[in-house]
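Peer 1: All residue numbers for the sequence shown refer to my numbering, where the first residue is 111 and numbers rise by one.
The structure that follows is given in the form of structure tokens.
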Amino acid sequence: MMKALALEFYKLRRKRIFAMMTLFLGAELAWAFVSISMSMSRHPDSTSWEALLVTVASMNGLFVPIMSAVAVSRICDMEHKGDTWKLLATTAVRRSRLYWAKYWCANILILYYISLQAAAIAGFGIVKGFAEPLPFSLLIPYIGGALLTSMAIVALQQWISLSVKNQAFALSLGMIGGFIGMAADFFPAGVRRLFIWSYYTGLSPVIYQYSNLSVDYRVQPLETGSLAFMSILIIILFTAGCFHFSRQEI
């Protein structure tokens, strides 16, 4: 399996996907950091790591689903455009192994995105001179929640990308997911939990709290129910997608 995974990265060597993800992350962070800098200039007393984390987490709801769709589409579209499925089928490699390799290749790319983002968050807070030290007790759950949500989204996107040759469908799903992720905090709690894109803020250790006409934030405890739900959803989406792909005509 490791050879199949290495092969996926080898096929991406000229796609400049790491550069693309870095530029995309730069756009997200520029938006988030400008927003938090404006807030700090207006309310210096509100400067905190919590405000920074919740701002970037809300941006993730918009940006990461789109980035996930693009990354997965590029990984899967190589086979569609090159029409290499029949060639791969003649080898001794099982389809499930190919599916596994593409899934983890996409997740490693998303891990790169989230890790670079976390490093940028830490650097921004240090440069701005936040009074409190870097809160690893919040940063680590933040990374874990964003990664777990992305794994479910990647499983869904890969299923669509491999099932439908026209990648416009998968990219459209990513854009719809980004819109839902951005607006999810305004949905009722019962409705919000139905959409996997909403869990970028749902699994964040810091969330927005709306009361009357004011918007604040609060630190929330680890929700084991949401973690269990997302873990089960990842297994279901990955297994269903792999099962469907293994029996699909190529």
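Glycine is no exception: its CB is placed at the ideal position from the N, C-alpha and C atoms.
(1) Take residue 302 and list the residues in its own chain whose beta-carbon comes closer than 6 Å to its own, dropping the five residues that flank it on each side.
(2) Looking only at its chain, what residues have a beta carbon closer than 7 Å to the beta carbon of residue 142, apart from the 5 residues adjacent to it on each side?
(3) Are the Cβ atoms of residue 171 and residue 349 separated by less than 7 Å?
(4) So for residue 302, helix, strand or coil by DSSP?
(5) Can you give the beta carbon distance from residue 215 to residue 118, rounded, assuming they're within the 8 Å contact cut?
(6) From the DSSP output, in three-state form, read off residue 329 for me.
(7) Give a yes or no on whether the C-beta atoms belonging to residue 347 and residue 230 are separated by under 7 Å.
(8) If contacts are defined as beta-carbon pairs under 8 Å, then residue 284 and residue 178 qualify, I think. What distance do you get, rounded to the angstrom?
(9) Please give the ranges of any alpha helix (DSSP H) in the stretch 243–325, keeping only runs that are unbroken, at least 4 residues long and fully inside the region.
(10) Could you tell me which of 204, 211, 188, 245 sits nearest to residue 276, measuring between CA atoms?
(11) Report the three-state DSSP secondary structure of residue 221 (helix, strand or coil).
(12) If we count the other Cβ atoms within 10 Å of its Cβ and call it buried at 16 or more, is residue 180 buried or exposed?
(13) Tell me the DSSP secondary structure of residue 212 in three-state form.
(14) Check the C-beta distance from residue 272 over to residue 355 and give it rounded, since I have them as a contact under 8 Å.
(15) Would residue 136 and residue 268 be called neighbours here (beta carbons separated by less than 7 Å)?
(16) Along the chain, where does the alpha helix (DSSP H) containing residue 121 start, and where does it finish?
(17) For residue 287, does the count of other Cβ atoms within 10 angstroms reach 16, so buried, or fall short, so exposed?
(18) Under the rule that 16 or more other beta-carbon atoms within 10 Å means buried, what is residue 334, buried or exposed?
(19) What did DSSP end up calling residue 353 once you bin it into helix, strand or coil?
Peer 2: Based on what the coordinates show:
(1) 294, 308
(2) 165, 166, 169
(3) no
(4) helix
(5) 4 Å
(6) strand
(7) no
(8) 6 Å
(9) 246–273, 278–293, 299–302, 309–312
(10) 188
(11) helix
(12) buried
(13) helix
(14) 5 Å
(15) no
(16) 112–121
(17) buried
(18) exposed
(19) helix
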